[in-house]
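> As given, the protein sequences belong to chains A and B, one line each in that order. Residue numbering for the first sequence follows the working numbering, beginning at 3 and increasing consecutively. Residue numbering for the second sequence follows the working numbering, beginning at 204 and increasing consecutively. Have a look at this one.
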Amino acid sequence: MKLHTLTIHALQELLARGETSSLELTRAVLARIDAVEGKVNAYITLDRTGALAQAEAADVRRRQGEVGGLCGIPLSIKDVLCTKGLRTTAGSRILEPFIPPYDATVVEKLRAAGAVILGKTSMDEFAMGSANENCAYGVPKNPWNLAHVCGGSSGGSAASVAADECTASLGSDTGGSIRQPASHCGLVGIKPTYGRVSRFGLLAYASSLDQVGPLTKDVRDAAIMLGAISGYDPRDSTSVNQPVPDYTAALIPEFNGLTIGIPKEYFGAGLDPEVEQAVRHGISLLTEAGAKTVEISLPHTEYGVAAYYIIAPAEASSNLARYDGIRYGFRDHDRHELLEMYKHSRSKGFGAEVKRRIIIGTYALSSGYYDAYYKKASQARTLIIEDYARAFAQCDLLVSPVTPAPAWKIGEKADDPLSVYLSDILTICTNLAGLPGMSVPCGISSGGLPIGLQLQASHFAEEKIFRAAYALEQRLDLKNSCQL
Amino acid sequence: MKITPEEVRYVARLARLSLSEAEVAETTLQLDGILSYVEKLGELDTTGVLPTTHALDIRNAFRADELHKSLTQHEALANGPLQNGEAFVVPRVI
Numbered sequence: 003m004k005l006h007t008l009t010i011h012a013l014q015e016l017l018a019r020g021e022t023s024s025l026e027l028t029r030a031v032l033a034r035i036d037a038v039e040g041k042v043n044a045y046i047t048l049d050r051t052g053a054l055a056q057a058e059a060a061d062v063r064r065r066q067g068e069v070g071g072l073c074g075i076p077l078s079i080k081d082v083l084c085t086k087g088l089r090t091t092a093g094s095r096i097l098e099p100f101i102p103p104y105d106a107t108v109v110e111k112l113r114a115a116g117a118v119i120l121g122k123t124s125m126d127e128f129a130m131g132s133a134n135e136n137c138a139y140g141v142p143k144n145p146w147n148l149a150h151v152c153g154g155s156s157g158g159s160a161a162s163v164a165a166d167e168c169t170a171s172l173g174s175d176t177g178g179s180i181r182q183p184a185s186h187c188g189l190v191g192i193k194p195t196y197g198r199v200s201r202f203g204l205l206a207y208a209s210s211l212d213q214v215g216p217l218t219k220d221v222r223d224a225a226i227m228l229g230a231i232s233g234y235d236p237r238d239s240t241s242v243n244q245p246v247p248d249y250t251a252a253l254i255p256e257f258n259g260l261t262i263g264i265p266k267e268y269f270g271a272g273l274d275p276e277v278e279q280a281v282r283h284g285i286s287l288l289t290e291a292g293a294k295t296v297e298i299s300l301p302h303t304e305y306g307v308a309a310y311y312i313i314a315p316a317e318a319s320s321n322l323a324r325y326d327g328i329r330y331g332f333r334d335h336d337r338h339e340l341l342e343m344y345k346h347s348r349s350k351g352f353g354a355e356v357k358r359r360i361i362i363g364t365y366a367l368s369s370g371y372y373d374a375y376y377k378k379a380s381q382a383r384t385l386i387i388e389d390y391a392r393a394f395a396q397c398d399l400l401v402s403p404v405t406p407a408p409a410w411k412i413g414e415k416a417d418d419p420l421s422v423y424l425s426d427i428l429t430i431c432t433n434l435a436g437l438p439g440m441s442v443p444c445g446i447s448s449g450g451l452p453i454g455l456q457l458q459a460s461h462f463a464e465e466k467i468f469r470a471a472y473a474l475e476q477r478l479d480l481k482n483s484c485q486l
Numbered sequence: 204m205k206i207t208p209e210e211v212r213y214v215a216r217l218a219r220l221s222l223s224e225a226e227v228a229e230t231t232l233q234l235d236g237i238l239s240y241v242e243k244l245g246e247l248d249t250t251g252v253l254p255t256t257h258a259l260d261i262r263n264a265f266r267a268d269e270l271h272k273s274l275t276q277h278e279a280l281a282n283g284p285l286q287n288g289e290a291f292v293v294p295r296v297i
């Protein structure tokens, strides 16, 4: 039995029956990491000693009858979430030496549930990217085909799950950063409703858009993980005080009584025919499961990318002002004048894409340009939200592709930031409207790369997403051709 | 051109970034492409449309003004690239 290949729920059963221990499982996963990490490069920081100690502690807790929902399960964490005593870089040189003095709330919750934290995964620097190619610590490779990108910005998280270098992972999603890598690596990834999960201890990129969520091997694991990290947190003033349902209760094979909307703007020009075919096949399976379908129009979708690439950089330019070489991170010690020290610490610490977005954001917020850019983008955001409100008056869920095409080759779009931005067109509006969205596998391209199907629902309607994803998963038999 | 090298240098200074001349040239070109794309928003009639800053209707979150445990001085200073055990050390400004 290959313990590293199993899901959380399969492992929970084995652990409960005493057929394995967390220590044995964690050792199996660490052995897997030794075998494939050299090819995949999913991790920035590994904590072998800490992981084995946490595994032993989980086994003790289990023997004492204290069995949390993730007791003894080895997980990886995107390197944008603070882990007490374990280096957290946000994928940036500017935070290379940073050791957080506290855990993010989501990490605290995972630890309380008994999880074993293996290490911190690769990401686009400060979560700015769609392919995980903006990396200070090396680009992670897609486990399905090592010449291709993993998707970003939670690419290392996706790679670590797809390559069985952990059982599940936490990522973050500001414009598609959980859903795109989940789609490209054949995983389930859910970005929850804004406010569902605490952002305390998440290094901020764009605060009004960022959410934390899981990347997992199947739908049930995603439901378990989301249940474990959700809930109100007084330390995040934007977290919402709503009860957390048992998401696994939504996993029933029938799909009667729900209407799925098919947004025509998501099937427009530029969509890869294989992606369209796989998603249409997924829709037909949902229909067989009992769903009704209705065509929907979200006319402002095409303005999403433009609005996002003003709003997110504007927020980032403010959020990233804190990296000044004084309180944490890199400092250029050769500069002895304050302004010079700031400028050189930041310029040497940040990579090209981060500097680009800080400059766009600063420009958009600067005197004389605010109305033309930030205000206009925020008004477009309102129109996008109104589109969704009209759509959800007619349907329960929106079904669409996640990305216009399967994962591209590493380096293929290196010199063209705008073409990379445009690949976000199908995931960005979800964040602008604060909605929950999931990528669930629905096919494999002729080139052997996974294709995801996106499910979006209204605020706090994650259970509908889980119902649809589970119904689809039950009816699909995707051969995992990820061979490492 | 939507943006000139002079504007890029000015904005970089506002953002406390130092760019080489080659970076200024490249950034100007890339920003020009991005800003031209963003011009697309101008197609929208947004007269009377309220701007959204948060997708959910979130009000100010207040809590009771009570003391909570916080980081110790040692913990708070531990990541400082230059500190003397009591404070962060910064370049002289006066």
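For each residue, glycine too, the CB sits at the ideal point set by N, CA and C.
Using the three-state DSSP reduction, which class does Asn-433(A) fall into: helix, strand or coil?
Note: Asn-433(A) maps to helix in three-state DSSP.
> Is Ile-262(A) helix, strand or coil when you go by DSSP?
It is a strand residue.
> For a cutoff of 7 Å on Cβ pairs, would you count Asn-287(B) as touching chain A?
No - not a single Cβ of chain A is within 7 Å of the one on Asn-287(B).
> Which residue or residues does DSSP assign as beta-bridge partners of Glu-297(A)?
Answer is Ile-264(A).
> Can you check whether the C-beta of Phe-128(A) is within less than 7 Å of a C-beta belonging to chain C?
The structure shown contains no chain C; the protein chains it does contain are A and B.
> So that I know if they touch, is there some Cβ in chain A lying closer than 7 Å to that of His-257(B)?
Interface residue, yes.
> What's the gap between the Cα of Ser-398(A) and the Cα of Ala-459(A)?
For clarity, residue 398(A) is Asp in the given sequence; the question names Ser instead. So the alpha carbons of these two residues sit roughly 6 Å apart.
> Could you work out which residue in Leu-48(A), Val-38(A) and Asp-61(A) is closest to Leu-27(A) when comparing CA atoms only?
The shortest Cα separation from Leu-27(A) among Leu-48(A), Val-38(A) and Asp-61(A) belongs to Asp-61(A).
> Starting from Ile-453(A), trace the beta strand (DSSP E) in both directions and tell me its first and last residue.
452 to 458 is the span of the beta strand (DSSP E), which, as asked, contains Ile-453(A).
> Compute the Euclidean distance between the alpha carbons of Met-440(A) and Ser-174(A), then round it to the nearest angstrom.
Answer to the nearest angstrom: the Cα atoms are 12 Å apart.
> At 4 residues or longer, and completely inside the stretch 273 to 355 of chain A: list those alpha helix (DSSP H) runs for me, N to C.
DSSP runs (the alpha helix (DSSP H)) wholly in the stretch 273 to 355 of chain A: 275 to 290, 306 to 321 and 340 to 351.
> Less than 7 Å separating the beta-carbons of Gly-71(A) and Ala-230(A)?
A contact, by the Cβ cut-off of 7 Å.
> Span of the beta strand (DSSP E) holding Pro-216(A)?
That run of the beta strand (DSSP E) goes 213 to 218.
> Whose Cβ in chain A lies nearer than 7 Å to the Cβ of Gln-233(B)?
Near Gln-233(B) (Cβ distances below 7 Å), the residues of chain A are Arg-358 and Pro-419.
> Bridge partners of Leu-204(A), per DSSP?
According to DSSP, Leu-204(A) bridges with Leu-83(A).
> Rounded to whole angstroms, what's the CA-CA distance from Leu-204(A) to Lys-111(A)? Just pull it up for me.
Taking the straight line joining both Cα atoms gives about 14 Å.
> I'd like the list of long-range same chain contacts for Tyr-376(A), defined as Cβ closer than 8 Å, with 5 residues on each side in sequence excluded.
Ile-312, Ile-313, Ala-316, Ala-366 and Leu-367.
> Does DSSP classify Tyr-240(B) as helix, strand or coil?
In this structure, Tyr-240(B) counts as helix in the three-state DSSP scheme.
> Classify Ala-435(A): buried if its beta carbon has 16 or more other beta carbons within 10 angstroms, exposed otherwise.
Buried, because 16 or more other Cβ atoms sit within 10 Å of the Cβ of Ala-435(A).
> Compute the distance between the beta-carbons of Cys-431(A) and Gly-306(A), then report whether it is under 7 Å.
Yes. Within cutoff.
> Assuming Gly-74(A) and Gly-116(A) make a contact with CB atoms under 8 Å, what is their CB distance in whole Å?
Indeed, because the Cβ distance is near 6 Å, the residues count as touching under 8 Å.
> Who are the Cβ neighbours of Leu-451(A) in its own chain at under 8 Å, not counting the five residues just before and after it?
Excluding sequence neighbours, Leu-451(A) sits near Asn-144, Trp-146, Asn-147, His-150, His-186, Pro-408 and Ala-409.
> What three-state label does DSSP hand Phe-128(A) in the structure shown?
DSSP places Phe-128(A) in helix when its eight states are reduced to three.
> Is the distance from the Cβ of Thr-107(A) to the Cβ of Phe-202(A) below 7 Å?
In this structure, Phe-202(A) lies closer than 7 Å to Thr-107(A) by Cβ.
> Tell me where the alpha helix (DSSP H) around Thr-51(A) begins and ends.
Note, Thr-51(A): alpha helix (DSSP H), 50 to 65.
> Is the beta carbon of Val-82(A) sitting closer than 7 Å to the one on Ala-129(A)?
Yes.
> With 7 Å set as the bound, which would you pick, yes or no: does the beta-carbon of Ser-221(B) sit closer than that to a beta-carbon of chain A?
True, the Cβ-Cβ gap to chain A drops below 7 Å.
> Over what stretch of residues does the beta strand (DSSP E) that includes Gly-233(A) continue unbroken?
From DSSP, Gly-233(A) is part of no beta strand (DSSP E); its letter is neither H nor E.
> Please list the segments of the alpha helix (DSSP H) lying wholly inside the stretch 121 to 190 of chain A, counting only runs of 4 or more residues, in order along the chain.
Correct list: 157 to 164 and 181 to 186.
> By Cβ distance, which residues of its chain are closer than 6 Å to Leu-400(A), with the 5 residues on each side in sequence left out?
Within the same chain, Leu-400(A) has close Cβ partners Gly-263, Pro-265 and Gln-458.
> Going along chain A in order, which residues have a C-beta closer than 9 Å to the C-beta of Lys-243(B)?
Result: Glu-304, Tyr-305, Val-307 and Ala-308.
> Give me the chain A residues within the contact set of Ile-297(B), using Cβ-Cβ distance strictly less than 7 Å, ordered along the chain.
In chain order: nothing, as chain A lies at least about 10 Å away.
> Near Gln-182(A), which residues of its chain fall below 7 Å by C-beta distance, leaving aside the five closest residues on each side in sequence?
Answer for Gln-182(A): Ser-132, Gly-153, Gly-154, Val-404, Thr-405 and Thr-429, listed in chain order.
> According to a CB-to-CB cut-off of less than 9 Å, which residues of the stretch 433 to 445 of chain A neighbour chain B?
Of all residues in the stretch 433 to 445 of chain A, Asn-433, Leu-434, Ala-435, Gly-436 and Leu-437 have a Cβ within less than 9 Å of some Cβ in chain B.
> Let's see if you can read the secondary structure: which residues bound the alpha helix (DSSP H) around Ile-387(A)?
Per DSSP, Ile-387(A) belongs to the alpha helix (DSSP H) from 378 to 394.
> Would you tell me roughly how many angstroms separate the C-alpha atoms of Glu-267(A) and Gly-197(A), rounded to the nearest one?
Roughly 27 Å separates the two Cα atoms.
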